[in-house]
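For reference, the structure is listed below as structure tokens.
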Amino acid sequence: MRRIHAAAVAAILLLSGSGPLLAQERGKPGEFDYYLYALSWTPAYCAREGKNADPRQCATGGERAGFVLHGLWPQWNAGGWPERCTRDRNIPKRVADAMLEIMPTPELVEHQWTKHGTCSGLTADLYFADAMAAWERVRIPPEFVTATPGTAVTAQQVEKRFVEVNFDLTPARIATICDRQGLYEIRICMDKDLVFRDCGAKVEDRCKPDQTLTVR
């Protein structure tokens, strides 16, 4: 399993503000069509938040993370997603501890479960097992596992590299998400068995042709 260094990854919750439209506050567990698997670009988070950035993710010196796991989110084909489907807050400690391999803080683990996992129709054990399996399923291009200063490639080039290194991933199954600073997230669509599939409505590229993934 690829490991994320805890000192380099945290607070990626703040990157969730540009999700698909039509979200609702409640839904019924298990009533969704597919998963949206999100990977966030660490330097974009650090640049966006500036002095407010979590120092564990944006510490200077040493190896710095590139793309990191943001989440595994139930989605509807018509657009949008259910959230907070139950009030279950019970995550076995052994499960939470295991997730620290890829989610650096207990707060992040809890957030992913309460907002997204409770809509999966799975127990916390099985939902986080799926998150682990998705992390293993998607290969991050080697040049984006860590952030190398001076990197500047277009969002289209980043998407192309993900497609090249992941068998059966196509442009219709991946979306690049940008803000004014450039590319900050990759989103990949998977069915409930974590097989790549075409994305539903509202999940599409949101980057201009000249927007880049950068490392300052």
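Residues -23 to -1, 1 to 193 in mature numbering (1 follows the signal peptide of the UniProt record, and there is no 0) are what the sequence shown lists, from first letter to last. C-beta: ideal position from N, C-alpha, C; glycine also. Values in this document were obtained by computation on a predicted structure and should not be read as measured data.
Item to check | Uninterrupted alpha helix (DSSP H) stretches inside the region 75 to 145 (no shorter than 4 residues) | outcome: Qualifying alpha helix (DSSP H) stretches, in chain order: 83 to 92, 101 to 114 and 132 to 142.
Next on the checklist: Whole angstroms are fine: how far does the CA of Ala178 sit from the CA of Leu77?
Outcome noted: Taking the first residue of the sequence shown as position 1, residue 77 is located at position 100. Taking the first residue of the sequence shown as position 1, residue 178 is located at position 201. Rounded to whole angstroms, Leu77 to Ala178 spans 32 Å at the Cα level.
Item to check | Proximity to Leu173 [Cα-Cα], best of Lys5, Ile68, Asn29 and Tyr11 | outcome: Here residue 173 is taken as the residue at index 196 of the sequence shown, counted from 1. A small correction: the amino acid at residue 173 is Phe; Leu does not occupy that position in the sequence shown. Comparing Cα-Cα distances from Phe173 to each of Lys5, Ile68, Asn29 and Tyr11, the minimum goes to Tyr11.
Next on the checklist: Could you tell me the alpha carbon to alpha carbon distance between Val130 and Asn143, rounded to whole angstroms?
Outcome noted: In the sequence shown, residue 130 corresponds to position 153, counting from 1. In the sequence shown, residue 143 corresponds to position 166, counting from 1. Those two C-alpha atoms are separated by around 19 Å.
Checklist entry - Run through DSSP, which three-state label would Arg157 get? => result Looking up residue 157 in the sequence shown gives position 180. Shown here, Arg157 sits in coil according to DSSP, grouped into three states, outside any helix or strand.
Item to check | Entirely enclosed alpha helix (DSSP H) segments - the region 1 to 58, minimum 4 residues | outcome: For the region 1 to 58, whole alpha helix (DSSP H) runs of length 4 or above, ordered along the chain, are 19 to 26 and 32 to 35.
Next on the checklist: Looking at the secondary structure, which residues open and close the beta strand (DSSP E) in which Leu190 lies?
Outcome noted: Sequence index remark: in the sequence shown, residue 190 carries index 213 (1-based). It spans Thr189 to Thr191 - the beta strand (DSSP E) in which Leu190 sits, taken as one unbroken run.
Checklist entry - If you pair each beta-carbon of the region 160 to 171 with each one of the region 9 to 26, do three or more pairs fall below 8 Å? => result When Cβ pairs closer than 8 Å are counted between the two stretches, the region 160 to 171 is seen to touch the region 9 to 26, the count reaching three or more.
Checklist entry - Can the beta-carbon of Ala108 be found closer than 8 Å to that of Pro69? => result One-based indexing of the sequence shown puts residue 108 at position 131. One-based indexing of the sequence shown puts residue 69 at position 92. No, these two residues do not count as a Cβ contact at 8 Å.
Checklist entry - Using the beta-carbon count (16 or more within 10 Å), is Gln134 buried or exposed? => result Taking the sequence shown and counting its residues from 1, the one referred to as residue 134 is at position 157. Sixteen is the threshold: since fewer than 16 other Cβ atoms of the shown chains lie within 10 Å of the Cβ of Gln134, the residue is exposed.
Checklist entry - Helix or strand or just coil, what does DSSP make of Ala152? => result Position 175 of the sequence shown, counted from the first residue, corresponds to residue 152. Residue state for Ala152 is assigned as strand, using DSSP reduced to three classes.
Checklist entry - Between Gln158 and Ala30, which are expected to be in contact by the criterion C-beta below 8 Å, what is the C-beta distance as a whole number of angstroms? => result Walking along the sequence shown from the start, residue 158 turns up at place 181. Walking along the sequence shown from the start, residue 30 turns up at place 53. With 8 Å as the limit, Gln158 and Ala30 do not qualify as a contact, their Cβ atoms being about 13 Å apart.
Checklist entry - Exposed or buried, which one is Pro32 when buried takes at least 16 other CB atoms within 10 Å? => result Here residue 32 corresponds to residue number 55 of the sequence shown, with the count starting at 1. Classification for Pro32: exposed.
Next on the checklist: Taking the straight line between their C-alpha atoms, what separation do you get for Leu(-3) and Cys155?
Outcome noted: In the sequence shown, counting from the first residue as 1, residue -3 sits at position 21. In the sequence shown, counting from the first residue as 1, residue 155 sits at position 178. Caution is warranted here: a pLDDT of 44 is assigned to Leu(-3), below 50, making its placement in the model unreliable, and no coordinate value can be reported.
Item to check | Three-state secondary structure assigned by DSSP to Arg64 | outcome: Residue numbering aside, residue 64 sits at position 87 when the sequence shown is read from its first letter. Residue state, collapsed to three classes: coil.
Item to check | Inter-residue spacing [alpha-carbon to alpha-carbon] between Phe105 and Cys96 | outcome: Taking the sequence shown and counting its residues from 1, the one referred to as residue 105 is at position 128. Taking the sequence shown and counting its residues from 1, the one referred to as residue 96 is at position 119. Straight-line Cα distance between these residues: approximately 13 Å.
Checklist entry - Rounded C-beta distance between Leu16 and Leu49? I'm assuming under 8 Å. => result Working through the sequence shown from its first residue, we reach residue 16 at position 39. Working through the sequence shown from its first residue, we reach residue 49 at position 72. Actually they do not touch by this definition, with Cβ atoms about 11 Å apart.
Checklist entry - Going by C-alpha distance, which of Pro6, Gly56 and Glu8 is nearest Glu181? => result In the sequence shown, residue 181 corresponds to position 204, counting from 1. A check of alpha carbon separations from Glu181 across Pro6, Gly56 and Glu8 identifies Gly56 as the nearest.
Checklist entry - CB-CB under 6 Å to Asp187, same chain, minus the five flanking residues each way: which ones, in chain order? => result Position 210 of the sequence shown, counting from 1, holds the residue named residue 187. When the five nearest sequence neighbours on each side are left out, no beta carbon in the same chain lies closer than 6 Å to the beta carbon of Asp187.
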